[in-house]
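Accompanying notes for the structure given below.
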Amino acid sequence: MSTPLLDPPTVTARPLSTGPASGLSRAEWLKLARWARWLSWVSLAYMAVEGAVAIAAGVVSGSIALLGFGIDSAIEGFASLVIVWRFTGARLLSDHAEQRAQRLVAVQFFILAPYITVVAIHDLAAGERPDASWVGIALAASSIALMPLLGVAKQRIGRRMGSVATQGEGAQNLLCAYMAAALLVGLAGNALFGLWWLDPVAALAIAALAVREGIEAWRGESCCLPGAGGDESHRTDECCSPPRSDEPLAIAQCRLDSAGLRTQADRYRRLGTTATRIERREGFLSATFGPALDERLLHETISIEGECCAFFDLDYQPADRRLSIGVAQSDQEPALDALHFALTGHEATDRPAAPLPGPPPAAAELEGAGPRNDDPR
Numbered sequence: 244m245s246t247p248l249l250d251p252p253t254v255t256a257r258p259l260s261t262g263p264a265s266g267l268s269r270a271e272w273l274k275l276a277r278w279a280r281w282l283s284w285v286s287l288a289y290m291a292v293e294g295a296v297a298i299a300a301g302v303v304s305g306s307i308a309l310l311g312f313g314i315d316s317a318i319e320g321f322a323s324l325v326i327v328w329r330f331t332g333a334r335l336l337s338d339h340a341e342q343r344a345q346r347l348v349a350v351q352f353f354i355l356a357p358y359i360t361v362v363a364i365h366d367l368a369a370g371e372r373p374d375a376s377w378v379g380i381a382l383a384a385s386s387i388a389l390m391p392l393l394g395v396a397k398q399r400i401g402r403r404m405g406s407v408a409t410q411g412e413g414a415q416n417l418l419c420a421y422m423a424a425a426l427l428v429g430l431a432g433n434a435l436f437g438l439w440w441l442d443p444v445a446a447l448a449i450a451a452l453a454v455r456e457g458i459e460a461w462r463g464e465s466c467c468l469p470g471a472g473g474d475e476s477h478r479t480d481e482c483c484s485p486p487r488s489d490e491p492l493a494i495a496q497c498r499l500d501s502a503g504l505r506t507q508a509d510r511y512r513r514l515g516t517t518a519t520r521i522e523r524r525e526g527f528l529s530a531t532f533g534p535a536l537d538e539r540l541l542h543e544t545i546s547i548e549g550e551c552c553a554f555f556d557l558d559y560q561p562a563d564r565r566l567s568i569g570v571a572q573s574d575q576e577p578a579l580d581a582l583h584f585a586l587t588g589h590e591a592t593d594r595p596a597a598p599l600p601g602p603p604p605a606a607a608e609l610e611g612a613g614p615r616n617d618d619p620r
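Residues 244 to 620 (the numbering used here) make up the sequence shown, in order.
See the structure below:
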């Protein structure tokens with residue numbers, strides 16, 4: 244299914260990760276996806292070399308900071324591999340594999356951090372002095388030079404194409420540069436001034452950054468389907484798995500608290516009062532609004548939804564006041580059902596096109612108007 248582009252000028256949230264973003268044709272989006280994949284290959288190759296050199300140099304010099312930096316390189320290399328995998332073949336439109344891989348990456352960070360912390364505290368307590376590692380210093384300097392370039396490029400591409408995952412990998416590259424700076428301070432301080440304790444202190448800083456990165460990876464893709472009325476107790480971590488609640492669902496931004504979830508659901512209800520027609524089909528939902536539509540409220544709602552459910556293909560046509568939402572996979576249908584319920588207050592059973600209660604269309608709009616067949620394109 245192909246839907247037009249989401250292009251209201253006031254929508255500023257991150258767009259979709261599974262379809263063209265605002266202002267991009269599908270061909271342009273696919274070109275950016277190839278660039279994202281290529282940059283991830285570059286990162287993966289560099290991380291392989293960086294990790295091997297750092298671990299070898301760390302073992303030789305006894306530097307726990309250098310060893311931890313090498314292990315972190317392996318983890319970030321795996322993150323690059325995730326992006327390569329995501330933008331290859333049929334997985335181009337899939338969020339599930341990436342979501343599971345991000346959780347796996349997060350677990351690796353949580354394993355890395357305690358290991359570095361324990362060894363660093365041991366070295367500080369025992370007064371163990373690592374040897375100077377000029378190889379490690381050169382490696383850290385090269386990472387400081389290269390990683391920001393890769394990180395900024397990936398974040399720019401991610402913003403243009405609407406890929407939250409690509410932006411996240413770019414953020415990891417920037418974090419790698421911060422880690423390299425901390426490593427450089429520790430290694431140079433030890434080599435030039437004999438400040439041996441800077442090495443385990445730098446290792447502790449790397450451990451703290453690893454925890455932060457793990458938390459971000461864990462939260463990077465969360466589900467956008469809380470329970471009825473915004474109750475988070477029924478939320479599932481698999482966005483497209485069947486909801487656990489027997490009640491209809493309200494859509495909201497996942498990272499909001501309970502009050503925020505209710506507020507987002509209320510936005511949909513307010514929009515629903517101005518809808519003159521809604522259509523629910525397999526893989527598709529559209530709503531046409533009357534003259535009373537609050538455009539600012541609609542754009543705000545779309546922006547927040549873009550932060551949550553990246554698998555939606557969204558299109559808003561201002562001239563027709565028509566919002567179209569599509570999904571690519573059958574197991575994402577519950578998300579559309581939830582949106583339908585939030586807009587109408589009732590479940591879509593046989594998914595008919597039905598007028599909604601609310602302010603009637605202006606008389607001028609009714610004159611000469613015949614039946615309309617909404618085309619999901």
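Beta carbons: idealized from backbone N, C-alpha and C, even for Gly.
As the structure is a prediction and not an experimental result, all values here were calculated from the model.
By the criterion of a C-beta distance shorter than 8 Å, Gln-410 is surrounded in its chain by Arg-257, Lys-397, Gln-398, Gly-401 and Arg-402, once the five residues flanking it on both sides are discounted.
Taking 9 Å as the cut-off, the beta carbon of Thr-360 is found closer than this to the beta carbon of Ala-450.
Per the coordinates, the alpha-carbon of Asp-315 lies some 24 Å from the alpha-carbon of Trp-278.
Sorting Met-290, Ala-291 and Leu-310 by C-alpha distance to the C-alpha of Ala-299 places Leu-310 at the top.
Annotation note: the segment 273-342 contains the following uninterrupted alpha helix (DSSP H) runs of length 4 or greater, listed N- to C-terminal: 307-329.
Boundaries of the alpha helix (DSSP H) harbouring Thr-587: 576-587, taken from the DSSP string.
Going by DSSP, Gln-560 is part of the beta strand (DSSP E) stretching over 556-560. Non-local C-beta neighbours of Leu-566 in its own chain, meaning closer than 6 Å and more than five positions away in sequence, comprise Ala-530 and Tyr-559, ordered along the chain. The Cβ atoms of Leu-426 and Ala-383 sit closer than 9 Å to each other. The shortest C-alpha to C-alpha distance from Pro-561 to any of Ile-547, Leu-355, Leu-579 and Leu-541 is the one to Leu-541. Among the bridge pairs identified by DSSP, Gly-569 is matched with Phe-527 and Asp-556. In this structure, the CA atom of Val-303 is about 12 Å from the CA atom of Ala-295. Within the model, the alpha-carbon separation for Trp-439 versus Ala-369 is close to 12 Å. Within the segment 370-430, the runs of alpha helix (DSSP H) that reach at least 4 residues and sit entirely inside it are, in chain order, 377-404. With at least 16 other beta carbons inside 10 angstroms of its own, Asp-366 counts as buried.
Excluding its 5 nearest sequence neighbours in each direction, Ile-307 has C-beta neighbours in its own chain below 8 Å: Gly-301, Ile-359, Val-362, Ala-363, Asp-366, Pro-373, Asp-442, Pro-443 and Ala-446, listed in chain order.
The Cβ atoms of Leu-514 and Leu-528 do not sit closer than 9 Å to each other. Its chain contains Leu-418, Tyr-421, Met-422 and Ala-425 as the residues whose beta carbon lies nearer than 8 Å to that of Leu-452, once the 5 sequence neighbours on both sides are disregarded; these appear in chain order. Apart from sequence neighbours up to five positions away, the residues of its chain that approach Gly-320 with a beta-carbon distance below 8 Å are Ser-286, Leu-287, Met-290, Ala-291 and Gly-294, ordered along the chain. Of the candidates Ile-458, Arg-564 and Leu-579, the residue whose Cα lies closest to the Cα of Phe-554 is Leu-579. Out of Asp-563, Glu-412, Ala-276 and Val-454, the CA that lies nearest to the CA of Phe-532 is found in Asp-563. Within its own chain, the residues whose Cβ lies closer than 8 Å to the Cβ of Val-395, once the five positions on either side in sequence are excluded, are Gly-413 and Leu-417, listed in chain order.
DSSP, reduced to helix, strand and coil, places Ala-446 within a helical segment of the structure shown.
Of the candidates Phe-584, Gln-415 and Ser-323, Gln-415 places its Cα closest to the Cα of Arg-455.
In the three-state DSSP reduction, Ala-518 falls in the strand class (E or B). In the DSSP secondary-structure assignment, Phe-532 is bridged to Ala-518. DSSP places Trp-439 in the coil class of the three-state scheme, outside both helix and strand. Going by C-alpha positions, Gly-432 is about 19 Å away from Gly-313. Taking Leu-355 as the centre and dropping the five residues before and after it, the same chain places the C-beta of Ile-314 and Ala-453 closer than 6 Å to its C-beta, in chain order.
Separation of Gln-575 and Ala-585 (C-alpha to C-alpha, rounded to the nearest whole angstrom) is 16 Å. Here the C-alpha atom of Thr-544 lies approximately 14 Å from the C-alpha atom of Ala-581. A residue is called buried once 16 or more other Cβ atoms fall within 10 Å of its Cβ, and His-583 is buried on that count. The residues Ala-425, in chain order, have a CB closer than 7 Å to that of Ala-448 in the same chain once the five nearest residues on each side in sequence are set aside. Take the alpha-carbon of Arg-520 and the one of Arg-280: they are about 41 Å apart. When the beta-carbon positions are compared, Ile-458 and Ala-349 come within less than 9 Å of each other. When the beta-carbon positions are compared, Ala-434 and Ala-375 come within less than 9 Å of each other.
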